[in-house]
Amino acid sequence: MTDLRIFARCREGTQPEYLHPAYKSSVKRAPTRPLIALQHTFSERTGPVFGQNAVCESDSDLTAQHAGAPVGERIAVTGCALDEDGRPVRGALIELWQANSAGRYLHRLDQHNAPVDPNFSGYGRALTDAEGRYKFLSIRPGAYPWGNHENAWRPAHIHFSIFGAGLLSRLVTQMYFPGDPLLDHDPIYNCIADEKVKQRLISVFDWENTAPQFALGYRFDIVLRGREATPMEK
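Right under this line is the structure:
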């Protein structure tokens, strides 16, 4: 369960509700009883952070994980992990996973009638630097049907997981692309009531981080809490 204190200062309507009937899966997953806040144990308050040495620089390049090059439009996704006052969150573990350019995940449960790319696994990870910055090289994901309602298609999106000191559990969100016509029809994107807040989930085209003749750049900053918090999945 997400640490509820993360959202304590968030204005109502700026975070997804547990129950959003238009997103059918939430009907089964939403809790039917009040949530119970779990206090930190002593070990959780004082224990070390494990796993940072296992993260390699190459883990953030999803285009170079196999012998061949993946199919699709290459993108560079950059951003900063920030706290509510705009200060960088250093050493946060950012994990990313996504569908390939045809809109299919490399997972046994994804039987979507689209090709699997043998040169694209669709996941990576990185640690934020001293300025809270991260960067991934990847392939722009494709849209895919998901059966939630008639002619239901998910917009192109990338999943992000954030974990670091001070969080009881990881925070999970999704990044979308500017100008996607499917956003208006997506119940997951539209489960946030505030129209302005939803825009925080849409990346910004980033000319400065566009690599000439290689990859287009997109920027996606992640604010972990406070009035400007990025909407997170519960």
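When the letters of the sequence shown are read in order and numbered with this note's numbering, they come out as residues 140 to 373. Ideal Cβ placement from N, Cα and C applies to all residues, glycine included.
G211 sits away from L266, with the two beta carbons spaced by 8 Å or more. The secondary-structure analysis by DSSP pairs I297 across a beta bridge with M314. Segment contact: the region 297 to 304 against the region 321 to 330, fewer than three CB-CB distances shorter than 8 Å; contact not assigned. Around the beta carbon of C195, fewer than 16 other beta carbons sit within 10 angstroms, so the residue counts as exposed.
Rounded to the nearest whole angstrom, the CA to CA distance from A368 to S342 is 15 Å.
V166 is classed as exposed because its beta carbon has fewer than 16 other beta carbons within 10 Å across all chains shown. Secondary structure at D325: coil, using DSSP grouped into helix, strand and coil. Under the three-pair Cβ rule at 8 Å, the region 254 to 261 does not count as touching the region 284 to 295.
Only buried fits N239, as 16 or more other CB atoms lie within 10 angstroms of its CB. According to DSSP, residue pairing for K274 in a beta bridge involves T217. Around the beta-carbon of L310, 16 or more other beta-carbon atoms lie within 10 Å, marking it buried.
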